[in-house]
Amino acid sequence: MSSKPLGDIYISFAKKKFLSCMAYRFDHWMTIFSSVFTVIISFYLYSALYSGNTEFDGITLSMVATNLIISFVIGDAFAMDDEFLHNKINNGTIANEFLRPVNFKLRILAEDLGQTFYNLIFRSGPAFLLTVLLIDMEPPKSIVYLMLSIIALLFGYFVCWNLSFIVQTLAFWIINVWSISTIKGVLFSLLSGCILPLWFLPDTVRTIASFTPFSSIYFGTVQIYLGLVNEREIVAIYFKQWIWIVLLYLIGDFLWRRGQKKLIVQGG
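Structure below.
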């Protein structure tokens with residue numbers, strides 16, 4: 053009897069995570085409500101700041117609304133469990149995971165993809181539809197720019213995932229990674245353009261943000277979607293995203309290998 057192909061094993065991990073997410077229906081509705089509520093409140097705050105002006109430094113209110121919608125809604129879709137590895141180490145099951153004939157890193161990626169697909173279908177998707185019914189959102193510059201922005205979004209996902217994996221690997225040295233995850237969340241909100249669009253940041257702060265991986269997660273997607281960048285600048289956005297993907301992967305892989313050697317199972 054032939055063994056199950058590895059690809060099918062990772063798909064089964066993704067499916068299992070997808071189905072497990074469906075068990076928390078109350079959390080599902082609360083997330084939709086929270087996303088829509090946050091975007092609407094933020095939009096009306098910006099509406100008050102614009103005070104009837106059509107634009108500010110070339111940025112219209114509808115462009116700000118587009119940034120808010122993409123940032124908050126897709127941010128929910130990209131939500132990942134930074135404490136997954138920490139929990140495995142604390143309850144002692146990490147040793148059993150290493151005995152399985154699967155790549156544990158790929159298993160984490162597969163489960164995160166399963167959660168992301170669930171979030172897109174049952175959380176971010178409905179939240180997006182409800183939000184655009186209540187707030188005017190800029191259409192994409194063209195179908196081509198829409199497709200190019202989706203590509204940037206996919207690259208942004210892997211920037212986000214590698215950041216999450218780095219936080220998880222710190223569990224080999226830190227008893228509780230919650231504080232690190234919280235710091236990452238704060239930096240994510242401030243430097244990704246989620247709370248305050250990067251257009252409005254002072255030049256110095258915007259320059260600093262551009263040298264962090266957070267600005268590569270989905271602000272480039274917003275710029276491409278709105279047609280604020282030309283073809284050469286789009287290539288530069290992709291290139292910077294891939295630099296971060298490779299760099300963060302190498303850092304995460306280094307920490308992962310060092311952590312495996314240092315592993316001391318707590319409990320279990």
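Heads up: the sequence shown begins at 53 in this note's numbering, then just goes up one per residue. Glycine included, each C-beta is placed from N, C-alpha and C at the ideal position.
Residues of its chain near residue i, where Cβ-Cβ distance is below 8 Å and the 5 sequence neighbours each way are ignored
i      : result
Gly166 : Phe65, Ala66, Lys67, Lys68, Lys69, Phe70, Cys73
Phe180 : Ile121, Val125
Lys313 : none
Ser94  : Leu120, Phe124, Ile247
Gln220 : Asp134, Glu135, Phe136, Leu137, His138, Ile160, Val229
Ile276 : Tyr197, Leu200, Ser201, Ala204, Ile286, Ile289
Ser267 : Leu243, Ser244, Gly245, Leu250, Ala261
Phe150 : Phe156, Gln312
Ala162 : Tyr62, Ile63, Phe65, Ala66, Lys69
Arg310 : Phe224
As assigned by DSSP and simplified to three states, the class of residue i
i      : result
Thr256 : helix
Thr145 : coil
Gly279 : coil
Ile173 : helix
Cys246 : coil
Ala131 : coil
Trp225 : coil
Asn155 : coil
Thr264 : coil
Val317 : Its pLDDT being 48, under 50, Val317 is placed unreliably in this model, and the value from its coordinates should be taken loosely. Of the three classes helix, strand and coil, the one that applies to Val317 here is coil, per DSSP.
Ile269 : coil
Met189 : coil
Met74  : coil
Residue range of the unbroken alpha helix (DSSP H) whose run includes residue i
i      : result
Lys193 : Segment: none, Lys193 is in no alpha helix (DSSP H) and carries neither H nor E.
Val238 : 230-243
Met82  : 77-102
Trp186 : One detail in the question is off: residue 186 reads as Leu in this sequence, not Trp. That run of the alpha helix (DSSP H) goes 177-186.
Chain B contact for residue i (CB, 8 Å cutoff)
i      : result
Ile160 : This model lacks chain B altogether; it includes just one protein chain.
Sheet register partners of residue i (DSSP bridge)
i      : result
Thr112 : Glu107
Residues near residue i by beta carbon distance below 7 Å, same chain, minus five either side
i      : result
Gly127 : Cys246
Val116 : Tyr98, Pro249
Ile111 : Trp251
Leu239 : Phe266
Distance between beta carbons of residue j and residue i, contact taken as under 8 Å
i      : j      : result
Gly208 : Tyr270 : 5 Å
Ser241 : Glu190 : 22 Å between Cβ atoms; not a contact.
Leu158 : Tyr62  : 6 Å
Val91  : Ile187 : 7 Å
Gly304 : Phe217 : 4 Å
Asp109 : Met132 : Not really, about 34 Å apart at Cβ, beyond 8 Å.
Asp193 : Leu278 : The sequence as given places Lys at residue 193; Asp does not occur at that position. At roughly 7 Å, the Cβ-Cβ gap stays under 8 Å, so Lys193 and Leu278 are in contact.
Ile297 : Phe210 : 5 Å
Proximal residues to residue i (C-beta, below 6 Å), its chain only, five neighbours per side dropped
i      : result
Val317 : Per-residue confidence for Val317 stands at a pLDDT of 48, beneath the threshold of 50, marking its modelled position as unreliable; the derived number appears in the next sentence. Around Val317: Gly144, Ala147.
Ser54  : Note that Ser54 scores a pLDDT of 43, beneath 50, so its modelled location is shaky; the value from the coordinates is reported in the next line. There are no such residues.
Ser233 : Asp134, Val219
Pro153 : none
Tyr102 : Leu113
Leu222 : Val229, Ile232
Leu172 : Ala129
Val281 : Gln275
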